[in-house]
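Engineer: Next up is a structure, given as structure tokens.
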Amino acid sequence: MLALKNSSKSAFRRRLLGWYDANRRNLPWRQTRDPYKIWVSEIMLQQTRVAAVIEYYKRFLKAFPNINALARADEETVLAHWSGLGYYRRARMLRAAAQQLEAAKREMPRTAGELLELPGIGRYTAAAIASIAFREPAAVVDGNVERVLVRMAGENEADSVDFWTTAQELIDTDRPGDFNQAMMELGATVCLPKNPACGACPLKQWCGTRGEHKTAKPAARKTSTVGYVVAGHGPKIALTQRPKTARLMPGMWELPLLHRLPRHAPLFTLRHSVTTTDYVVKVWRGRPPKGSVQSNVAQASKLPLTGLTRKILRRLSLLRD
DNA sequence: GAAACGTGGCT
DNA sequence: TAGCCAAGTTT
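Start counting the first sequence at 97; every next residue gets the next number (my numbering).
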């Protein structure tokens, strides 16, 4: 199936784009052609759900409306606006790339090949920006596209699909950005990992299977218990900064970590996962430890807090959102 | 090429 | 509940 004849390819494109025109979600980054805004959206969407991105995207663009504003901002300020979204390296690299462009007095590169040279932009993101913002016919392959193509290929051919080559052969060169987004939209809303809505699929006549899509076994998870202390009077709260050299979330701020857990019962317990570790998090009230800094809660929200610290402060009603 | 990188929502 | 998973990139 994946080697479609030309006539079948145009029917495929027509069907897919027709479906997309009628069913596309109205997302904030679909209301602009500004390449910088497309760029920000693509970085935020890496391994991150649409629903989680929307509010971050709006706030981030309000704070950093263009490349120049992002390049001039402190890294800490940029990270504060990313706080809670995860994969913080993305924010550092996005800012670094903006600074590279400003330093070279360059505008945004207009081709996938040039975009690929910027930090944080890999093969997927380069093609996404080039196709959506600059109409370059560069096909995108993300998890959604892979799943759609595997299903279309059918069981016998699934293992031998060259995703990038296949997607590139299928792409609509008149509407490359819409084609790419349509493939992803289909994977995200119809061709789901589990219980795909095959009845609603505009591509079913080209589909080789409706079987489950096998994915690689995720890395084994570990579990661990950690304790944090809430210390402060009135509007103040104690925070500590993670080492700049830490592998995980370097330089970000969090509640002071307890090295020995008290015997008495914690204020509360919650669960939190960070990459491959599942934490049981216990929180006690206590005195501010040495090395911690007293910060106004209102100020704290402007720091690059870890997502877990945000969660705890929300739980204590010390933080909104 | 595998592992690391964050988080929250859904089942 | 515990596990699964999301518009990937870097090392």
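The beta-carbon is built from N, C-alpha and C at its ideal position, and this holds for glycine as well.
#1: According to DSSP, simplified to helix, strand and coil, what is H368?
#2: Could you give the distance in angstroms between the alpha-carbon of A169 and the alpha-carbon of E151?
#3: So for R381, helix, strand or coil by DSSP?
#4: For Q143, count the other beta carbons within 10 Å of its own beta carbon; 16 or more makes it buried, fewer makes it exposed. Which is it?
#5: Quick check: does the Cβ of T336 come within less than 7 Å of any heavy atom belonging to the ligand GTP?
#6: Could you give the C-beta distance for R411 and F364, rounded to a whole number, given that I count them as a contact under 8 Å?
#7: Compare the beta carbon distance of A263 and L282 with 8 Å and say whether it is the shorter of the two.
#8: For V257, which of V286, G304, P298 has the nearest alpha-carbon?
#9: Specify whether the region 338–346 and the region 283–299 touch according to this definition: at least 3 beta carbon pairs, one from each stretch, less than 8 Å apart.
#10: How is L412 classed by DSSP in three states: helix, strand or coil?
#11: Do the region 201–208 and the region 102–110 touch if we need at least three Cβ pairs shorter than 8 Å?
#12: Could you name the residues that DSSP lists as bridge partners for E354?
#13: Less than 8 Å between the beta carbons of G218 and M189, yes or no?
#14: Quick check: what's the CA-CA separation for A200 versus T402?
#15: Please list, in chain order, all residues of the same chain as A224 whose beta carbon is under 6 Å from its beta carbon, the five residues on each side excluded.
#16: Measuring straight from C-alpha to C-alpha, what distance separates G328 and R231?
#17: Identify whether N122 lies in helix, strand or coil by the three-state DSSP scheme.
#18: Given a threshold of 16 other Cβ atoms within 10 Å of its Cβ, counted over all protein chains shown, does K133 qualify as buried or as exposed?
#19: My output table needs one value for N276: the three-state DSSP class, helix, strand or coil.
#20: Should G323 and L354 be called a contact, given that it needs their Cβ atoms to be closer than 8 Å?
#21: Tell me whether I267 sits in a helix, a strand or coil according to DSSP, three-state version.
#22: Beta-carbon within less than 7 Å of L211's beta-carbon, same chain only, minus the 5 sequence neighbours each way: which residues are those?
Structural biologist: The short version:
#1: Locating residue 368 in the first sequence gives position 272, where the first residue counts as 1. H368 falls in the strand class under three-state DSSP.
#2: The count along the first sequence starts at 1 and reaches residue 169 at position 73. The count along the first sequence starts at 1 and reaches residue 151 at position 55. For A169 and E151, the distance between alpha carbons rounds to 20 Å.
#3: Counted from its first residue, the first sequence places residue 381 at position 285. The answer is strand: DSSP assigns R381 an E or B state.
#4: Translated into the one-based positions of the first sequence, residue 143 becomes position 47. Q143 comes out exposed.
#5: Ligands are entirely absent from the displayed structure, and the ligand GTP is therefore not among its contents.
#6: Residue 411 sits at position 315 when you count from the first residue of the first sequence. Residue 364 sits at position 268 when you count from the first residue of the first sequence. Yes, they are in contact, since the Cβ atoms of R411 and F364 sit about 7 Å apart, within 8 Å.
#7: Position 167 of the first sequence, counted from the start, is the residue given in the question as residue 263. Position 186 of the first sequence, counted from the start, is the residue given in the question as residue 282. Their beta carbons are not under 8 Å apart, which means A263 does not touch L282 by this criterion.
#8: Position 161 of the first sequence, counted from the start, is the residue given in the question as residue 257. If we check each option's Cα against that of V257, G304 comes out closest.
#9: no
#10: Taking the first sequence and counting its residues from 1, one reaches residue 412 at position 316. DSSP places L412 in coil when its eight states are reduced to three.
#11: no
#12: Within the first sequence, residue 354 is the residue found at index 258, counting from 1. Reading the sequence as shown, one finds Leu at residue 354 and not Glu. BP columns for L354 point to G323.
#13: Here residue 218 refers to the residue found at position 122 when the first sequence is read from its first residue. Here residue 189 refers to the residue found at position 93 when the first sequence is read from its first residue. No; because the gap between Cβ atoms is not below 8 Å, this pair is not in contact.
#14: For the purposes of this step, residue 200 is taken as residue 104 along the first sequence, with counting starting at 1. For the purposes of this step, residue 402 is taken as residue 306 along the first sequence, with counting starting at 1. Roughly 33 Å separates the two Cα atoms.
#15: Along the first sequence, one-based indexing puts residue 224 at 128. Same-chain partners within the cutoff: E138, V236.
#16: By 1-based counting over the first sequence, the position of residue 328 is 232. By 1-based counting over the first sequence, the position of residue 231 is 135. Looking at the two C-alpha atoms, the distance is approximately 54 Å.
#17: Against the first sequence, residue 122 aligns to sequence position 26. N122: coil per DSSP, three-state reduction.
#18: Translated into positions along the first sequence, residue 133 becomes position 37. Buried is the call here.
#19: Numbered from its first residue, the first sequence carries residue 276 at position 180. It is helical.
#20: The residue labelled residue 323 in the question sits at position 227 within the first sequence. The residue labelled residue 354 in the question sits at position 258 within the first sequence. In this structure, L354 lies closer than 8 Å to G323 by Cβ.
#21: Within the first sequence, numbered from 1, the residue matching residue 267 stands at position 171. Reduced to three states, the DSSP call for I267 is coil.
#22: The residue given as residue 211 occupies position 115 in the first sequence. Around L211: P205, I217, A222, I225, A226.
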